[in-house]
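In the numbering used here, the protein residues as written are 119 to 1006. Reading through the structure tokens given below for one structure.
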Amino acid sequence: MDVVVVESPAKAKTINKYLGKNYKVLASFGHVRDLPAKDGSVRPDEDFAMSWAVDGASSKRLADISKAVKEADGLILATDPDREGEAISWHVLEVLKQKRVLKDKPVSRVVFNAITKQSVLEAMANPRQIDVALVDAYLARRALDYLVGFTLSPVLWRKLPGARSAGRVQSVALRLVCDREAEIERFIAVEYWQIAAILGTPRAEQFEAKLTAFEGKRLQRLDISSKAQADDIRSMLEGASFSTASVEAKPAKRNPGPPFTTSTLQQAASSRLGFSANRTMQVAQRLYEGLDIGGETAGLITYMRTDGVQMAPEAISAARATIGKEFGDKYLPEKPRYYSAKAKNAQEAHEAIRPTDFSRLPSDVSKYLDADQARLYEMIWKRAIASQMQPAEFERTTVEIEATNGGRHANLRAVGSVMRFDGFIAAYTDHKEEDSEDEENKRLPEIRSGETMKREAINATQHTTEPPPRYSEASLIKKMEELGIGRPSTYASTLKTLEDREYVTVDKRRLTPQAKGRLVTAFLEGFFERYVEYDFTAALEERLDEISDGKLAYREVLRDFWNDFSKAVENIKELRVTEVLDALNEELAPLVFPEREDGSNPRICPKCGTGNLSLKLGKYGAFVGCSNYPDCGFTRQLGGDGTNGNGDAAGLEDGTKALGVDPYTKEEITLRSGRFGPYVQRGEGKEAKRSSLPKGWTTDSIDHEKALALLSLPRDVGKHPESGKMISAGLGRYGPFVLCDGTYANLESIEDVFSIGLNRAVTVLAEKQSKGKGARTAAAALKEFGDHPDGGGKIVVRDGKYGPYVNFGKVNATLPKGKDPATITLEEALALIAEKQGKDGGTTKKKPAKSASTARKPAKSASAAKSAPAKAKSAPAKKQPSPAKKKG
């Protein structure tokens, strides 16, 4: 018997069915070792020696593998077919060597791009050894990320209190978001006019033609810049005669795109399905690892971490066969289509993402999948099928029209197209094409050259130029791929880190940099510019890829990087904080000193009128304060405008902003900032009513009306028609909700709290109750993984009285100290459950001991922290207080 090691239990379960009784398939539950989160785990002075540690859950997994290998004939490492998969196999092998359980037993490495019986058996018949170059590339990346994080982050903590961390790829991605925000702030809107004529043919059919030239001058988009100019042209056209100068019809073709890569899948899932990058990868992982399809367990898609765009020859043949059967032979090109990647640094060793079996139509498998899985599978199937279909055929018509009025002349153009054959569009259309209202997609009536056209109307419309849009997750991933920053497997985790660190917020799928994110970026650009340069990061990625190809030694790359990086860090350590703040005052001037409505100097304190405003650093981050402290106590959150609606000083001694007076209680309503973020407050003292700002609401958007609405919560919706109990809507620890007789049900947005009516509230509560009585009393779910691979119920990460934990049935496994519940993977959750079951069988719940170490209150989660403003300690008498430290 041979032992086969894979990453996940779901994958192990599927593969075990394929291999039979002569093999024992065990899961490593992801990585089994990592660099300890402490200084000295990577030692440059020892030629970058690394210390690896195994956590408790992984120790048990490795013990099980070791025991099985002792009794086995050989070891087969079958982890994922990429750099991370190669690294996991290497780590497992290294631990087994240290345990001396291998002896002379054969060890082999197998890889398969799809978890199907055919792919797995073919891989088992063609084993190889560990790819040393891939492992070296992993070691280089891991060491670089560690060295940047553990060398640069402490500098941030000392120079910029409140900053969380810096990272090799993370910081460059954040710079992209911040640079776009700065571009938006610098943008100056320009007025321009567009003129179009509605014309009629001799056959009484109307169409629109746009002005392209006037008085012999070709017009660009911004050339008509005033109403007077537009009125003059319109007046001329209203008295002009129109005739067709030429009509040109040309055939055009639109070819399909290649099958999905990791980044294009994340982009399409964002625009079409509304998925975050992280959600896309979670759903794709389940489709890849294998699901029960009518009694047969199989992976439905190929490996989903890839930037290759090609499909295997047998897959192309299967796709062509399905096209002929489902769409007809006219949709099948004479020869297969082949693609090459356009992305910088693309590695095409892997296939594109495709169905493992094209004959599994989306309509056939949807009944076995949940809604998200079904939608993502359908999108992958359609895109892969479309990639092998005929192009769409159009006829594009361009009509040139002349207008004359006395001695004045103008030229207009009408463009349209007609689809002659839909081709690949019958299977899949890009989301941007579906939503397109481009003039080329308009259909024109029959127009003949030399005909006289009847003027129906002349329209002159005013426009202003728009700033560039903020990045969405999809567009940021696309930009990073174009620049060659990061790799497919890192995009989702990089974006998640930026959000978790509160460097950016996601509102309506757009990424907005927060003050602390912009502060970190400005600091890095000012003092570590080279290490957040796009070209430098992309060049480093190229060198790391050369390690994968065996062209470079990984220690050589580390030495080159560390020599310059360590010197840069040492130079920054000598900087005084005042020098840093002076530089940031200039770099972030539009953010720190926003223009005032009254036109006064934004750098002069609005309270005392003599002090100069400047960035200050407090325990909880940066804020703006007056140089006349302590005589003047003006402070303001970074990013605020510092004035209220009357133009008076809004930065009072306690760092608040006045919003107005409650019309009923006559108490003052203020906007404040506490340790856990901004909030609104009515009145003063312990009895003051407070409400945190809900997700998506910023301090800039809060006015008197919105503050009153928040402070009025919870509100009564109406009495339940069955129980007669009052239903209320409010904002709680875990977001907006409705409540009736002890039953809570979440609402999608804060707007729902103010608008939900009785009928919908009853429906939402009924849906919640239909999930079972336990659902209303269970601790709040922070993250859900779906059903356990072995059955028996769902796996959920919850927030309990003593901190976050993994729940599976009656098993509750506490997360390790410091582990962010938002970042836990399915493999880690399964490992914690297994470890807990091994201790007490999953049937008991131990009460925490009341020792000195466990009697402390656990740190609040991010969601708990937002529930109400916290009271922070008062500032020392001689130190200027930051708004974040004021009592709320």
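Built from N, CA and C at the ideal position, the CB exists for glycine as well.
Beta carbon of Val-835 nearer than 8 Å to that of Ala-879: yes
Within 8 Å, strictly: CB atoms of Phe-166 and Arg-673: yes
C-beta atoms of Leu-405 and Leu-418 nearer than 8 Å: yes
Contact between the region 563-571 and the region 318-338 (3+ Cβ pairs under 8 Å): yes
Gly-644: first and last residue of the uninterrupted alpha helix (DSSP H) it sits in: 633-645
Backbone secondary structure at Cys-296 - three-state DSSP: helix
Residue range of the unbroken beta strand (DSSP E) whose run includes Phe-512: 510-523
N-terminal and C-terminal residue of the beta strand (DSSP E) that Lys-443 is part of: First-last for Lys-443: 431-444, but that is the alpha helix (DSSP H), not the beta strand (DSSP E).
Supposed contact pair Lys-139 and Val-121 - C-beta distance, whole angstroms, cut 8 Å: Actually they do not touch by this definition, with Cβ atoms about 13 Å apart.
Where Val-238 sits in the DSSP three-state scheme: helix
Beta-carbon proximity check, Arg-538 vs Thr-516, cutoff 8 Å: no
Ser-271: first and last residue of the uninterrupted beta strand (DSSP E) it sits in: Ser-271 -> not in any beta strand (DSSP E); alpha helix (DSSP H) instead, spanning 250-277.
Rounded separation between Ile-302 and Pro-631 - CA only: 12 Å
Rounded distance between the beta-carbons of Glu-705 and Ala-640, thought under 8 Å: 4 Å
Residue of Asn-134, Gln-385 and Ala-502 minimising C-alpha distance to Thr-440: Ala-502
Same chain, Cβ closer than 6 Å to Lys-131, five either side skipped, listed in chain order: Pro-907
Three-state secondary structure assigned by DSSP to Leu-383: helix
Any alpha helix (DSSP H) of 4 or more consecutive residues that is wholly inside the region 128-211: 174-188
Secondary structure of Ala-232, DSSP reduced to three states: coil
Whole-number beta carbon distance between Arg-605 and Ser-283, since they are thought to touch under 8 Å: Not really, about 20 Å apart at Cβ, beyond 8 Å.
6 Å CB neighbourhood of Ser-176 in its chain, flanking five on each side removed: Val-150
Secondary structure, beta strand (DSSP E): runs of 3+ residues fully inside the region 610-698: 622-625 and 628-631
Sequence-distant residues of the same chain with beta carbon closer than 8 Å to Ala-186, five excluded per side: Val-121, Lys-142 and Leu-144
Where Glu-1007 falls: helix, strand or coil (DSSP): Outside the displayed range of the chain (119 to 1006) lies residue 1007, so it cannot be described from this structure.
Counterpart residues of Asp-834 in DSSP-defined beta bridges: Ser-846
Residue closest to Val-123, alpha-carbon to alpha-carbon, out of Ile-206, Ser-159, Asp-173 and Glu-189: Ile-206
Contact under 8 Å by Cβ, Val-225 with Leu-193: yes
For Pro-374 and Ala-425, the rounded distance between their alpha carbons: With the sequence shown as reference, residue 425 is identified as Asp, and Ala is not the correct amino acid for it. About 18 Å.
Under the three-state DSSP convention, the category Leu-826 falls into: helix
For Asp-938, the three-state DSSP class (helix, strand or coil): coil
Other residues of its chain near Ala-430: CB distance less than 7 Å, five sequence neighbours each side excluded: Glu-469
Buried versus exposed, by CB contacts within 10 Å (16 or more), Gly-602: buried
Length of the line joining the Cα atoms of Met-497 and Ala-291: 27 Å
Glu-715 classed as buried or exposed, judged by whether at least 16 other C-beta atoms fall within 10 angstroms: exposed
Limits of the beta strand (DSSP E) - the one that Asp-917 falls within: 912-918
Buried versus exposed, by CB contacts within 10 Å (16 or more), Gln-683: For clarity, residue 683 is Phe in the given sequence; the question names Gln instead. Classification of Phe-683: buried, given that the 10 Å Cβ count is 16 or more.
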